[in-house]
Amino acid sequence: MDKISNTNRERWNALACANVEYSRPFLDFTIEEAAQHVYRHGILKDVAGKDVLCLASGGGQDSVAFGLLGANVTVLDLSDVQLERDRQAAIHHGLQTKTVQGDMRDLSIFTEKRFDIVWQIYSINFIPSIEPVLREVRRVLKRGGIYFLQFANPFAIGIDEDKWDGNAYPLTNPYIDGEDLSERFPDWDVKQPDGSKVKCDSPHEFRHTLSTVLNSLTGNGFSLLGLWEWMKKEEKSEPGSWSHYTQIIPPWFSTFWRLDK
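Take the sequence shown: its position 204, counting from 1, is numbered 203 in numbering that gives the first Met the number 0, and each next residue is one higher.
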């Protein structure tokens, strides 16, 4: 692992210890909820018996959903604490989940064409270049396999959602591929159940332009099956709130791809 990975490992461990939303295992998840989580886009139909890699997707959430639906689940994540949440959730639900600590850019621990599905929630923006990840996913995914990739909307990632000026969320910085957003946003405020916030150092998080993401995926033999924008669906959102911000500009995209080459 390089310096960025070591820093992000340390900072994600701290975020997980602060109980960031993505580190709260799905201990009360039902099979019905798991089906909604995995099948909601209509691309995946039946994952029972499938070999699934939850890539940089630790935290005891996605692994639970796939495990409850009968998949053979492996989780690779940089954060030790995130992986501990997966183990905690597996024990709670009686699942057999394999956990591996590692960098998403190096999947050499896995043989070629090992997985039917690679499932990667919002994590690819924590590395400066996506190309090494896509090459590794291509190597470990079976021909015809499915790659779910969630990534930041590059037009939204540079906006400060706390800066509502009464009319808009100003977009003031240049649209730069590879920009490290942690230099402009050095802290994360992790909201606690009692409403208080814990301040943690931001992990390195990088903007990847839309052309970079799409061209890199197609260049590595992936065909797009579908794209969805994410936003909070609330009828009445207070201007300046997180839900209002997401309705002005969706903060990330969820995409499905098939490996054809």
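Cβ atoms here follow ideal geometry from the backbone N, Cα and C, with glycine treated the same way.
* Are the beta-carbon atoms belonging to VAL136 and LEU106 less than 9 angstroms from one another? -> Translated into the one-based positions of the sequence shown, residue 136 becomes position 137. Translated into the one-based positions of the sequence shown, residue 106 becomes position 107. Yes. Within cutoff.
* Asked: Contact check, THR98 vs ARG86 under 8 angstroms by CB: the rounded distance?
  -> For the purposes of this step, residue 98 is taken as the residue at position 99 of the sequence shown. For the purposes of this step, residue 86 is taken as the residue at position 87 of the sequence shown. Indeed, because the Cβ distance is near 6 angstroms, the residues count as touching under 8 angstroms.
* Kindly identify the DSSP beta-bridge partner or partners of PHE255. => Reading the sequence shown from its first residue, position 256 is the one you call residue 255. Note: PHE255 sits in a beta bridge opposite PHE147, GLY225.
* For ILE116, which of helix, strand or coil comes out of DSSP? -> Translated into positions along the sequence shown, residue 116 becomes position 117. Three-state result, ILE116: strand.
* Range of the contiguous beta strand (DSSP E) that encloses TRP163 -> Counting from one through the sequence shown, the residue named residue 163 turns up at place 164. Premise fails: TRP163 is in no beta strand (DSSP E) and is neither H nor E.
* Asked: What number of angstroms, rounded off, separates the C-alpha of GLY239 from the C-alpha of GLN35?
  -> In the sequence shown, residue 239 corresponds to position 240, counting from 1. In the sequence shown, residue 35 corresponds to position 36, counting from 1. Looking at the two C-alpha atoms, the distance is approximately 30 angstroms.
* Please name the residue, chosen from ARG142, ASP164, HIS207, that lies closest to ILE156 on a Cα-to-Cα basis. => The sequence position of residue 156 within the sequence shown is 157, counting from 1. Here the closest residue by C-alpha is HIS207.
* To do: Mind the definition here: the region 231 to 246 touches the region 123 to 138 only if three or more C-beta pairs lie below 8 angstroms; say whether that holds.
  => no
* GLY165 versus ASN7: straight-line alpha-carbon distance, rounded -> Start at 1 with the first residue of the sequence shown, and residue 165 comes out as number 166. Start at 1 with the first residue of the sequence shown, and residue 7 comes out as number 8. Using only the alpha carbons, I get a separation of about 35 angstroms.
* **Residue(s) in a DSSP beta bridge with ASN71** => By 1-based counting over the sequence shown, the position of residue 71 is 72. According to DSSP, ASN71 bridges with ASP50.
* To do: Taking only the alpha-carbon atoms, compute the straight-line gap between SER181 and ASN172 and give it to the nearest angstrom.
  => Residue numbering aside, residue 181 sits at position 182 when the sequence shown is read from its first letter. Residue numbering aside, residue 172 sits at position 173 when the sequence shown is read from its first letter. If I take the Cα positions, the gap works out to 14 angstroms.
* Distance between beta carbons of ARG257 and LEU213, contact taken as under 8 angstroms -> In the sequence shown, residue 213 corresponds to position 214, counting from 1. In the sequence shown, residue 257 corresponds to position 258, counting from 1. Going by Cβ atoms, the distance from LEU213 to ARG257 rounds to 15 angstroms, so no, they are not a contact pair.
* Can you say whether PRO24 is buried or exposed, counting buried as having 16 or more other CB atoms within 10 angstroms of its CB? => Taking the first residue of the sequence shown as position 1, residue 24 is located at position 25. Its Cβ being crowded by 16 or more others within 10 Å, PRO24 is buried.
* To do: Rounded to whole angstroms, what's the CA-CA distance from LEU68 to PRO169? Just pull it up for me.
  => Counting from 1 along the sequence shown, the entry for residue 68 is found at position 69. Counting from 1 along the sequence shown, the entry for residue 169 is found at position 170. Using only the alpha carbons, I get a separation of about 43 angstroms.
* Asked: Could you give the C-beta distance for GLN100 and ASP76, rounded to a whole number, given that I count them as a contact under 8 angstroms?
  -> The residue given as residue 100 occupies position 101 in the sequence shown. The residue given as residue 76 occupies position 77 in the sequence shown. Indeed, because the Cβ distance is near 7 angstroms, the residues count as touching under 8 angstroms.
* Inter-stretch contact (C-beta, 8 angstroms, three-pair minimum) for the region 241 to 249 and the region 14 to 29 -> no
* CB-CB under 7 angstroms to GLU160, same chain, minus the five flanking residues each way: which ones, in chain order? -> Position 161 of the sequence shown, counting from 1, holds the residue named residue 160. For GLU160, where only same-chain residues beyond five positions count, the Cβ hits under 7 angstroms are TYR168, TRP241, TYR244.
* When the Cα of VAL46 is compared with those of GLN81, ALA64, ALA55, which residue comes out closest? -> Sequence index remark: in the sequence shown, residue 46 carries index 47 (1-based). Checking every option, the nearest Cα to that of VAL46 belongs to ALA64.
* Cα-Cα separation, THR211 to ASP176 -> Along the sequence shown, read from residue 1 onward, the residue named residue 211 stands at position 212. Along the sequence shown, read from residue 1 onward, the residue named residue 176 stands at position 177. Cα to Cα, THR211 sits roughly 8 angstroms from ASP176.
* Asked: In terms of residue numbering, what span does the beta strand (DSSP E) encompassing GLN100 cover?
  -> As a working note, residue 100 is residue 101 in the sequence shown. 96 to 100 is the span of the beta strand (DSSP E), which, as asked, contains GLN100.
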